Ligand SMILES: [Zn+2]
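Residue numbers (the working numbering): 3 to 389.
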């Protein structure tokens, strides 16, 4: 290991108590996606930290969602490195007080400790140590979303992140990491759709031919929706919720269902979406009318060859500096890395603290992975050759 790098790692060791304090402060406050005030307050604290190490910080502000923090260092009109994450959690208000940040025998618990307050802490302290050392190999842009766990349903954050990431050299996401040292190079996209069928109600005893059954129409459509699944393409659909009608002796005037879609690629998503529109248009029971709405759409983090090459370089740096060898994998759940890969930015995701059970009260993170991953990021930014 280079003498300079070993000096920087020593600095991380010195900062350990402060890193734990920052991690705890981030966990010990309610900032679920629905608590905009809470998320924005955390954003202001992170802003203060980053301004202290000469980042220029601004926000994309949203009325109904946590703001998106953008912090830049160096000349970001030139190709830059993106460090990305999110400030919100899935947890309801009151959780921070109920089960605050706790560390016992190297295991950390508390709402969002793993997903992803640890990752935010890694990012902040790696940049602090690099800043103190006079590092300026690349311009850096930090992107921290305030509504990731809500799938950005009430903001334009996806478009804003894509615009901010455009032209980047590469991206690293400090999302939830894994105890087996795997990192994520692709993720399935997730979308939720709703079909609403409007029929014509009628008493089935007095007027058996007068109705137009929304239920009959919707059931025919369910078979068509299922038929859009294509395992080879990596696109799967599930009609997970269905309801309609009011009483057995009335022809159902209304019926609706919720559909979950997982896709591996934009072309896959586009094919399925066109199919769903076609299903909404097509009528089995004359006189019924169907509307299709998108409730949630988190695009896939696409598998890029350039992400694999970036991962191989990162892995070589990790091994050369005494860190565990990592493996690359794909997972079913989404992250904001999709905004980077959609812009063609090679991206390694899940470089945060290691642990298990995110999004549940069983969530835990391994304390020492905070220091290990901070050092790894410092090594990456010190040794990575791009181009
Ligand atoms: Zn997360």
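All C-beta atoms in this analysis are idealised placements derived from N, C-alpha and C, irrespective of residue type, glycine included.
Just so it is clear, the structure is predicted and the values come from calculations on it, not from any experiment.
query, result
"Proximity test, residue 337 beta-carbon vs ligand 1 heavy atom, cut-off 7 Å", "yes"
"Beta carbon of residue 93 nearer than 8 Å to that of residue 170", "no"
"Where residue 104 falls, given that 16 or more other Cβ within 10 Å makes a residue buried", "exposed"
"Near ligand 1: residue 231 beta-carbon under 7 Å from a heavy atom", "no"
"Residue range of the unbroken alpha helix (DSSP H) whose run includes residue 221", "216-228"
"Exposure of residue 109, with buried meaning 16 or more beta-carbon neighbours within 10 Å", "exposed"
"Under 8 Å between C-beta atoms of residue 67 and residue 156", "yes"
"Beta bridge counterpart(s) of residue 366 as assigned by DSSP", "358"
"Environment of residue 269 [buried if 16+ CB atoms lie within 10 Å]", "exposed"
"Runs of beta strand (DSSP E) wholly within the region 32-113 (minimum 3 residues, chain order)", "58-62, 68-75, 83-88, 104-106 and 109-111"
"Uninterrupted alpha helix (DSSP H) stretches inside the region 119-204 (no shorter than 4 residues)", "120-134 and 159-167"
"Where residue 53 falls, given that 16 or more other Cβ within 10 Å makes a residue buried", "exposed"
"Residue 339 - DSSP class collapsed to helix/strand/coil", "helix"
"Simplified DSSP assignment, three categories, for residue 325", "coil"
"Buried or exposed (CB count within 10 angstroms, at least 16 for buried), residue 317", "buried"
"At least three beta-carbon pairs within less than 8 Å, the region 341-356 to the region 163-177", "yes"
"Cβ separation of residue 111 and residue 366, assumed to be a contact under 8 Å, to the nearest whole Å", "5 Å"
"Residue interval of the beta strand (DSSP E) (run including residue 285)", "It is not in any beta strand (DSSP E) - residue 285 carries neither H nor E in the DSSP assignment."
"Heavy atom of ligand 1 within 7 Å of residue 178 beta-carbon", "yes"
"Which listed residue (49, 325 and 202) has its alpha carbon closest to that of residue 291", "202"
"Collapsed DSSP secondary structure at residue 239 in the structure displayed", "strand"
"Strand pairing of residue 232, partner residues [DSSP]", "237"
"Collapsed DSSP secondary structure at residue 391 in the structure displayed", "Because the chain here runs from 3 to 389, residue 391 falls outside it and cannot be looked at."
"Neighbourhood of residue 207 by C-beta, 7 Å cutoff - its chain only, sequence neighbours within 5 removed", "251"
"First and last residue of the uninterrupted alpha helix (DSSP H) at residue 260", "Counting along the chain, residue 260 falls outside any alpha helix (DSSP H), though it belongs to the beta strand (DSSP E) covering 256-265."
"Per-residue DSSP class, three states only, for residue 12", "helix"
"CB of residue 368 within 8 Å of CB of residue 25, strictly", "no"
"Nearest-angstrom beta carbon gap, residue 190 and residue 1 [assumed within contact, 8 Å]", "Because the chain spans 3 through 389 in this model, residue 1 falls outside it and cannot be assessed."
"Test item: CB-CB of residue 70 and residue 147 under 8 Å", "yes"
"Sheet register partners of residue 298 (DSSP bridge)", "194"
"Nearest-angstrom Cα separation, counted from residue 226 out to residue 197", "13 Å"
"Beta-carbon gap between residue 124 and residue 84 smaller than 8 Å", "no"
"Residue 263 beta carbon less than 8 Å from that of residue 274", "yes"
"Contact between the region 174-191 and the region 332-340 (3+ Cβ pairs under 8 Å)", "yes"
"Residues that DSSP places opposite residue 303 in a beta bridge", "189"
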